[in-house]
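Those sequence lines, one after another, are chains W, Y, V and L. So for the first sequence, our numbering puts the first residue at 121; every next one is plus one. So for the second sequence, our numbering puts the first residue at 121; every next one is plus one. So for the third sequence, our numbering puts the first residue at -18; every next one is plus one. So for the fourth sequence, our numbering puts the first residue at -18; every next one is plus one. Where a beta carbon is used, it is the ideal one built from N, C-alpha and C, also for glycine. I have placed the structure first, in the form of structure tokens, so that the comments after it can refer back to it.
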Amino acid sequence: MEKQTNNNLDTKSPNTWCPGCGNFGILTAFKQAVDEIIKNGFDKEKIVVVGDIGCNSKIADYLNLNSIVGLHGRSIATAEGVKLANSGLKVFVFIGDGAGLDEGVSHLVHAAKRNSNIKVILHNNRLFALTTGQFTAVSPKGLKSVSTPFGSIEEPINPLKLMLSSDAGFIARGYSAKLEQLKNLILAADKHKGFAFIEVLQPCVSFFNNIEFYNERVYEAENKNRTEAEALELINQWDYADAEKIPLGIIFQKQRPVFEEDILKLIVK
Amino acid sequence: MEKQTNNNLDTKSPNTWCPGCGNFGILTAFKQAVDEIIKNGFDKEKIVVVGDIGCNSKIADYLNLNSIVGLHGRSIATAEGVKLANSGLKVFVFIGDGAGLDEGVSHLVHAAKRNSNIKVILHNNRLFALTTGQFTAVSPKGLKSVSTPFGSIEEPINPLKLMLSSDAGFIARGYSAKLEQLKNLILAADKHKGFAFIEVLQPCVSFFNNIEFYNERVYEAENKNRTEAEALELINQWDYADAEKIPLGIIFQKQRPVFEEDILKLIVK
Amino acid sequence: MKKEYSVIIGGAAGQGSRKAGLIIAKLFNKLGYGIYIYEDYQSLIRGGHNFSQVTAAEGGSVNKKEKIDFLLALDKKTIERHKDKLKKGGVIFFNSDRIQEQGIGIAADKIVKELNGLPIMANIALIAGLAKGIGITWDVLEKILKEELGKEIEKNLSVAKKAYTEVLPPAGGTKIEKTKYAPGILMTGNEAIALGLKTAGLDIYFAYPMTPASSILHYLAARQKELGVLAVQSENEIAVASEAIGAAYAGKRSAVGTSGGGFALMTETVSLAAQAEIPFMAINSQRMGPATGVPTYGAQSDLLFTLNPGHGDFEKFIAAPSNAEESFYWSGKLLNLAWKYQTPAILLTDKDVSEGTFSIDKDIFKSVKKEKELIWSGKGEYQRYKITQSGLSPLAYPGTKNAVVKANSYEHIEAGISEEVDKQAIEAMQNKRLAKFALMQKEADAIGAVKIFGNKKSKTVVVAWGSTAVAAREAAEKLGIKMVQPILISPFPLKQMKKALNGASKIICAETNSTGQMATVLAGHGFKVDKKILKYDAQLFSTEELARLIKN
Amino acid sequence: MKKEYSVIIGGAAGQGSRKAGLIIAKLFNKLGYGIYIYEDYQSLIRGGHNFSQVTAAEGGSVNKKEKIDFLLALDKKTIERHKDKLKKGGVIFFNSDRIQEQGIGIAADKIVKELNGLPIMANIALIAGLAKGIGITWDVLEKILKEELGKEIEKNLSVAKKAYTEVLPPAGGTKIEKTKYAPGILMTGNEAIALGLKTAGLDIYFAYPMTPASSILHYLAARQKELGVLAVQSENEIAVASEAIGAAYAGKRSAVGTSGGGFALMTETVSLAAQAEIPFMAINSQRMGPATGVPTYGAQSDLLFTLNPGHGDFEKFIAAPSNAEESFYWSGKLLNLAWKYQTPAILLTDKDVSEGTFSIDKDIFKSVKKEKELIWSGKGEYQRYKITQSGLSPLAYPGTKNAVVKANSYEHIEAGISEEVDKQAIEAMQNKRLAKFALMQKEADAIGAVKIFGNKKSKTVVVAWGSTAVAAREAAEKLGIKMVQPILISPFPLKQMKKALNGASKIICAETNSTGQMATVLAGHGFKVDKKILKYDAQLFSTEELARLIKN
Ligand SMILES: Cc1ncc(C[n+]2csc(CCOP(=O)(O)OP(=O)(O)O)c2C)c(N)n1
Ligand SMILES: Cc1ncc(C[n+]2csc(CCOP(=O)(O)OP(=O)(O)O)c2C)c(N)n1
Ligand code: SF4
Ligand code: SF4
Ligand SMILES: [Mg+2]
Ligand SMILES: [Mg+2]
């Protein structure tokens, strides 16, 4: 599955994800998107992958692209630094739900707010996988994990809603089992001028295998312009507990002034 | 103005707020609310004030009540620890917009999400006052401050919206010049079972005096139950830039399972 | 000579080698052997190569050895990686359905399949083979399996029985004899920490997961009701530390646990605890850094960082245990000291103590009890920071009648109100704290902070701390030299160290880091280290290796 | 004897005493006096009591004195607080509309009112009175006022003129003479840092406001276009540090600035910079801790914390300047070194250097230039962590043709891919970094890391660093003893220190903290401090006080 690219995107690093892990789908979709970006004339050398720390971020080791893997929860802020330093780079952040919504949620909210032109791909497996499965901000209430053996008592937060309230200009949801759509979401995020947030539903087969659950519920929402209220309604179809259906696709999009463009004007003579 | 209480709520600490500062109104309204809480039979000894760091948090020095003043941005997490340790205490957090929405926004979001039974009073003067007026997450775009002498380029975040998306069960807005209403909001927050968030519009006369602006626009919104969508609509009347009117009052209220109650069940034999 | 055996069992993550290692250890423990299990695994959930190395020896605490007696292979990689460690005459037990090898083959997959077991039960077949091979009776094996395998016990037992029956002990093979010692209790360093804290009165444990500290959280979370200790996971380490401070202020005993990177995020709070005089108990379990480093492997490279854990001038207690007994004792002791002195206290442990399993003597549980902190008498007006001769100001908690309890991170007057104008008052409050720091130094001098082993008359002394101390102890005994182990490292037990190193002509300091951090600490207190032995390949010292390095 | 004058001007926050202090300093500077302005203010925006103490002396860098020649009082509190500091024959200039006092009364409010000025212009009236009183000509005064007061200059000048005309110089009063020296440039330590960084190639400065580092951000923000340096304020210190890392990875020179509490939040990132070998430049400007402490007052109590700024083993550059010239030089030097060695570098300054104003010689600007870092040749396959003899691996930045630039916080192989299995590879990568650390030590030994002042033959040596060094220098000159100032503190310049302390029979170490942190550092390197002089009342040493404490 990992070798289908034609731009030498693979490395020699052994892949240590569990067989069947949703992360494979994200890796494949991303490589396909990169192939397309390169085909359209963009230099491979100008793509930067920013990894966090978690199962998800091993992706940096598996991609023969520029990458920086820093600290748990800090990939978004790191990426903002990269983009500010060289706004000619395309910057893709791969981050887990634990890193993005627990440890580093301040950076997620602020990057969206200031509309930094980075693309955030949040691998939502709904727990801290690499540290053996503890609950995160998006775990369903009642999740039995090593840190909550009697079931977690917290209700999950809705990351799309959080992004909407933080004024994110591009909000989408993909699913690691829907490669083509995910690839297209990544390409759309890339085209969007400004901050883009893609939540990817990513089953963790070892600690919280919800493939069936997702397969039965996901559907592709209509691709159309939505007001904030309409987006909210769509988002509310699923509150990370049970639901009849789970919308995928671009949920909300809006053009806003781009941070790096505006700030760089301050030093142009 | 500071001496109108009948429960010995004052200390000998000299007050170092600037004359005319909105913080005085918050102090007075809070003392009045505490008077009422005590009158209704609650022990003064069981009230705890948690201060952050900023002009706002000097309030702890001015109140003859239990208090803990910790680190900048960390008052909310500190307060959660206090409440968890002794849920018989009433815990009031006084925090600035810089601390609550910049440095420590992760704690604000998570306290709301887990519905910790603390009451957060956010002094929103829309800048870092104590460090001489730099812009914060809620400063209007274009604010000229020592760190943004050419005008800040970031658009403000809407804290009420952020709280709504974080599932806060009690969201209100007061104004430091409307004492009676503010007192009532504090009392309502106190009665609410669970996390309560009161944004107080608090003009900073030294760095961003928007008293006139507020006086011309604030109005008391109808006190009624609202759906999330209705609350969002009301919140959207003002996006922290210009607006025709700015609603005050309880914006949204919803009963949710209380964190401390649920977690304490885990150790009850 | 003391009898001693080493066993490695290895396989891919998910094959159950860790559990198997524990069962093997229990078999030996039952026969009266002291145990240490070294755990080796990578930062992944399936695949890779994990192994447990069980060292079992008559009496006392034991360290990992270079050479092993028995190798149990769940997969081929295990043989490739560990075959060369076998002693002459050592035996390999292997899954003959997957591997061709010399030694004792067990058709583990076949047995499991025949009995409709789960694939993971192959590890039980191997254990049974080993038990038979080394002369452990079926009764003992059955008893241990029943204790360890709650789920699917019947099926496991039938797998074990079949393997036990099929295996023929090697001709002239080793038979493990019972020793004169009673079995201990097997426990990891982290479990011992959890119990030590609990015994000293812990009410709430706060944490954000981080290897190798996470299992303290897991252990406590699983036993919340039984122990009456809340185990709370929060949004990040800064929240964790702040909540612990809030809880301590409000009158509950709290603690936090993390590793270096998470501890870094708590340093601002450590400084707060010092200034506001709020007890703060932290576990910092070291792993190989800097930064993310090699996250599931050990190192002792956070010593200097932990000794200087925040801005401003303040004293703190720091202790580094080398095994589970010390983990129990010192986590309890430090919790008591944090409350006694209203100060930060940090247990600086490391991966191979935290996640290693040790046999401990149950008498150790009697060594800790909750010691009551200094509480306000209720007389007069309460002042959180009352200036006293000792420097200790009595505590009161919110809710106390007639007390207004004001804690403050600003410099403050006795009542807890901020002070920035009166320079004498500022100096006076620091002097109060300095008086307290002097008391803490006295406490450090009085406590058993330094242990001495080996040949006490030798002028050659090896100093080691934390996980390395066990290897150093054994190496010193072997070489007939002296071994000195500082356990309490802050306040530095200068008098005890002077006594321990008195007359030494050669001081050797061994540690698993690349710059010699303990050697630096010793230099700061006037002890010249003549030779540094540094290991930084993410591995624990084996006793043989350390002994060689000391000699050369 | 060198001519020297001290002036205090005080008032409530908002009355403009700080600006007034600066103008007074400029008057003296114009006449060729070296300047230091000590700023004293509280953490409040209006009210309280602020004052500036201007010390003006012929030649060289100067320290605050105990006694003053002139006191300018904008309010009564100023007289109450400072009158006792006046030398015999010292003169008070006061606002006679608010205060009754002996000395030179100036009807400042009346003058301002008559001329329709703003209340704050009373400070200009007092300055004019002082100028007249000490024989400064109207021309000089007018010129300085024009330079300093852009806004409302006409009104200010008329206020000044009127006060200048009305005041009669005291009979037999002092007349300030021109010296033989040329005027310097007045600059705060923080301004000098901003310029030093810029001169060494700074592209982006990231910060979250924190006293006393904030004015670096403010200074750069106001001059973004002129200097071509971006000044970015972010959501918190962790974001700040992470962004700086990201920017450095992507090829821009970045730096961050904060104080102790904010620095604590950056320690995890410092460790990351070390591991990923990404240049990281930080300013840590100390204030009085622990925790929030006394936030607008100085102390030197973050030394040990800053020397051990993260988990894991790594080396870093740390320098502590004592004045604006050193701030300029060392901020530039450290930025260059951070990039040269792909390592953390920290300028450890303190409030009274950061916010104090110094006269500097403009030649110092020539002492720094941007030194290019080691860049990949473009030949062969690029490997971010190529193992070389020097330990330095050439840098390439994303966007470089044919290079895949992989930076990693995990331990890694040369290509930058994570490694956790191959223990030799892990050790080899650490050895690469150790080789680099050895080079850094060489650099420290080669650089002018230690300065010597006073009587170089004296066997009594006072060691001081940062803001205290200026007082120590002056005290040593006065007492005829030697003074040694370590500026680069990490890697510790052992050889230079040995030379500097060679033959010393008594080593005294003076610093503004309560435990003697530099003394601890010296002890760690084998230098026994015989006497510690510690001050922790939130005040800078005055030269007289320090001289007394050295003698006693
Ligand atoms: C500061 C810090 N705290 C904790 C950790 C330990 N840690 C490593 S990965 C991880 C969780 C990752 O969860 P998530 O971001 O959801 O990624 P996943 O593994 O699920 O893909 C944690 C807590 C760390 N490396 N650094
Ligand atoms: C970790 C840390 N960073 C920065 C500071 C400096 N600081 C003190 S108060 C403050 C801003 C306060 O702003 P806000 O919370 O809005 O309160 P206000 O003064 O406006 O009431 C800052 C940045 C600090 N004390 N600690
Ligand atoms: S633990 Fe879960 S998220 Fe991690 S690799 Fe395995 S399946 Fe994937
Ligand atoms: S600076 Fe602003 S917020 Fe602070 S006390 Fe003055 S008016 Fe109030
Ligand atoms: Mg996850
Ligand atoms: Mg504010």
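Using a Cβ-Cβ cut-off of 7 Å, L/Ser24 is close to Leu250 of chain Y, given in chain order.
Contact between the segment 241 to 248 of chain W and the segment 185 to 200 of chain W is not established, with fewer than three Cβ pairs separated by less than 8 Å.
Residue pairing of Y/Val189 in beta bridges, as defined by DSSP: Y/Gly171 and V/Asn389. Sequence-distant partners of W/Arg234 (beyond 5 residues in either direction) whose C-beta falls short of 7 Å from its own C-beta, in its chain, are Phe379. Ranked by how close their Cα comes to the Cα of L/Ile16, the residues L/Gly153, L/Asn304 and L/Ile264 have L/Asn304 in first place. In this structure the segment 51 to 62 of chain V lies against the segment -16 to -4 of chain V, because at least three pairs of beta carbons, one per stretch, are closer than 8 Å. Using a Cβ-Cβ cut-off of 8 Å, V/Asp333 does not count as an interface residue toward chain L, since no Cβ of chain L sits closer than that to its own. In the three-state DSSP reduction, L/Met262 falls in the strand class (E or B).
Across the segment 339 to 355 of chain Y, CB contacts with chain W closer than 7 Å involve Ala349 and Leu352, in sequence order along the chain. Two segments are said to touch when three or more pairs of C-beta atoms, one from each, lie closer than 8 Å; by this definition the segment 462 to 480 of chain L touches the segment 417 to 433 of chain L. Taking a C-beta cut-off of 9 Å against chain Y, the contacting residues of the segment 204 to 219 of chain V are Gln205, Lys206, Glu207, Leu208, Gly209, Val210, Leu211, Ala212, Val213, Ser215, Glu216, Asn217 and Ile219, listed in chain order. Between V/Ala257 and chain L, the shortest Cβ-Cβ separation is below 8 Å. Between ligand 3 and the CB of W/Leu242, the shortest heavy atom gap is not smaller than 7 Å.
Closest option to V/Thr287, judged by alpha-carbon separation, among V/Gly242, V/Pro260, V/Thr277 and V/Gly313: V/Gly242.
By the criterion of a C-beta distance shorter than 6 Å, L/Ala500 is surrounded in its chain by Cys490, Val510 and Lys513, once the five residues flanking it on both sides are discounted. Residues of the segment 2 to 17 of chain V whose Cβ lies closer than 7 Å to any Cβ of chain W: none. With the criterion set as a beta carbon lying under 8 Å from some beta carbon of chain L, the members of the segment 255 to 266 of chain Y are Phe255, Ala257 and Val266, in sequence order. At least one CB atom of chain V sits nearer than 8 Å to the CB of L/Leu246.
Beyond the five residues adjoining it in sequence on each side, V/Ser77 comes within less than 8 Å, by CB distance, of Gly86, Ile87, Ala88 and Ala89 in the same chain, given in chain order.
Assignment of V/His63 by DSSP, reduced to helix, strand and coil, places it in the helix class.
The residue from W/Ser326, W/Ala361, W/Asn184 and W/Arg293 with its alpha-carbon nearest to that of W/Gln373 is W/Arg293. In this structure, the straight-line span from the alpha carbon of V/Thr524 to that of V/Asn44 is close to 6 Å. For the segment 133 to 153 of chain Y, residues whose beta-carbon sits nearer than 7 Å to a beta-carbon of chain L comprise Thr136, Cys138 and Pro139. Unbroken alpha helix (DSSP H) stretches of 4 residues or longer found wholly inside the segment 384 to 432 of chain V: 404 to 427, given in chain order.
Contact between V/Ile18 and V/Gly29 does not hold, since their C-beta atoms are separated by about 18 Å, which reaches or exceeds 8 Å.
Against chain W, the CB of L/Gly291 has no partner CB under 8 Å away; the residue lies outside that interface.
Annotated as distal: V/Leu376 and V/Ile394, with beta-carbon spacing of 8 Å or more.
When the beta-carbon positions are compared, L/Phe74 and L/Gly114 come within less than 8 Å of each other.
CA-to-CA, the gap between Y/Gln375 and L/Thr250 works out to about 41 Å.
Within 7 Å of the C-beta of V/Glu128 there is not a single heavy atom belonging to ligand 1.
In this structure, ligand 1 has a non-hydrogen atom nearer than 7 Å to the beta-carbon of W/Glu223. Take the alpha-carbon of V/Ala257 and the one of V/Asn389: they are about 5 Å apart. Contact check for W/Ser326 against V/Arg27 passes: the beta carbons are separated by less than 8 Å. When Cβ-Cβ separations below 8 Å define contact, Y/Thr198 makes no contact with chain L.
Relative to the Cα of V/Lys387, the nearest Cα in the group V/Gln422, V/Ile259 and V/Phe418 belongs to V/Ile259.
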